[in-house]
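Beneath this line is the structure, given in structure tokens, with notes to follow.
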Amino acid sequence: MSDVAKTLDASGLACPMPVVRTRQAIDQIESGQILEVISTDRGSLQDIPAWAESTGNVLVAKEDGGDRFTFRIQKG
Amino acid sequence: MSESGVSTKPEDGMVIVCWSGEIDKVWPQMILGTTGAAYGMDVTLFCTFWGLFTLKRPEVGITGDNWMTKMLGAFNNERLSHLNFGGAGPKMMRSIADRHKVAPPEELLATAMELGVRLAPCQMTMDLMGLKREDLIDGIEEPLGAAAAVSRMQNAKINLFI
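Heads up: the protein sequence lines correspond to chains A and B, in order.
For the first sequence, position 41 matches number 41 in the numbering used here, and the numbering has no gaps at all.
For the second sequence, position 139 matches number 139 in the numbering used here, and the numbering has no gaps at all.
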């Protein structure tokens, strides 16, 4: 498993902020590096994968912890 | 992609005609605008009619130069499109949103500006309401007319009227 270059804790944020903050965080890492995003917004389960797919980034892991969701996105 | 991560390709444009100033419509204007920017799109919010109130400095009243524009000022209170309850509705909506950790429109507007969303006031509406450039908040674009707005819409993949 690749190392995480940066972790964004978006806990407590509601739509659209987890995606907005993810965008801002991924702008701070290099192509090929991994961003880890933690969210408590259930909508993120659909939003973050959709965003990653449309922006040329790769969702490499998604974990549904019930009330806490973790994503790993490799920057494209 | 430019350095800021905002796409400059016309097919990646998004235009939202922000016509309403009702808080339950300003919310989706700001949510979709910031999300478009998160997708790297070149987003314009063209603020016209009641939507222009979003760009007005809070301390500026609509005074105008005649009794009709003065009257517009009297309606310049925050309202909801449904369940307004004489102004109690927006307060309830804000309180519910806060409980659900939904960012208020003001915070989303600030985020939109941070992300490079272009906020364009409608010149004709400014004239109608007697608003000058200095009555509007800083950090926005020069006022546009319908033709300039249509030019952007013609080049945008996503066009919305809210």
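All C-beta atoms, glycine included, are put in the ideal place defined by N, C-alpha and C.
Within-8 angstroms CB hit, residue i to chain A
i                : result
histidine 165/B  : Missing from the structure shown is residue 165/B; chain B here goes from 1 to 162 and no further.
glycine 139/B    : no
alanine 38/B     : yes
asparagine 159/B : no
Nearest candidate by alpha-carbon position, reference residue i, set the options
i                  : options                            : result
phenylalanine 69/A : Trp51/A, Ile38/A, Leu13/A          : Ile38/A
isoleucine 16/B    : Tyr39/B, Gly51/B, Gly130/B         : Gly51/B
threonine 48/B     : Lys25/B, Met92/B, Cys18/B          : Cys18/B
glutamate 53/A     : Tyr39/B, Phe53/B, Arg99/B          : Tyr39/B
threonine 145/B    : Gly139/B, Leu128/B, Ala103/B       : Before going further, note that residue 145/B is glycine rather than threonine in the sequence given. Minimum Cα distance to glycine 145/B is reached at Leu128/B.
tryptophan 51/A    : Thr34/B, Met93/B, Val60/B, Phe53/B : Thr34/B
glutamine 86/A     : Thr55/A, Asp3/A, Asp41/A           : No statement about residue 86/A is possible, as the shown extent of chain A runs from 1 to 76 and does not include it.
glycine 89/B       : Ala97/B, Arg79/B, Asp98/B          : Arg79/B
methionine 17/A    : Thr40/A, Gln33/A, Ile29/A          : Thr40/A
asparagine 57/A    : Gln33/A, Val4/A, Ser11/A           : Gln33/A
CB contact check: residue i to chain B, cutoff 8 angstroms
i             : result
valine 19/A   : yes
glycine 76/A  : no
leucine 13/A  : yes
arginine 68/A : no
serine 54/A   : yes
arginine 23/A : yes
Presumed contact (8 angstroms Cβ cut-off) between residue i and residue j, rounded CB distance
i               : j               : result
lysine 75/A     : leucine 35/A    : 7 angstroms
isoleucine 31/B : leucine 108/B   : 6 angstroms
threonine 22/A  : isoleucine 48/A : 6 angstroms
The ligand GDP heavy atom lying under 7 angstroms from the CB of residue i
i            : result
alanine 97/B : For the structure depicted, the ligand GDP is absent and the ligand set is empty, with no information on it obtainable.
| said: For the region 35 to 52 of chain A, list every residue whose C-beta sits within 7 angstroms of some C-beta in chain B, in sequence order. | reply: Trp51
| Residues within the region 17 to 44 of chain B neighbouring chain A, beta-carbon criterion of under 7 angstroms | Ile31, Thr34, Thr35, Ala38, Tyr39, Gly40
| message | As an exercise, report each continuous alpha helix (DSSP H) stretch of at least 4 residues that is fully enclosed by the region 92 to 126 of chain B, in chain order. | response | Runs found: 105 to 114.
| task | At 4 residues or longer, and completely inside the region 126 to 160 of chain B: list those alpha helix (DSSP H) runs for me, N to C. | result | 146 to 154
| field | Contact list for the region 94 to 108 of chain B against chain A, Cβ threshold 7 angstroms | value | His100, Lys101, Val102, Ala103
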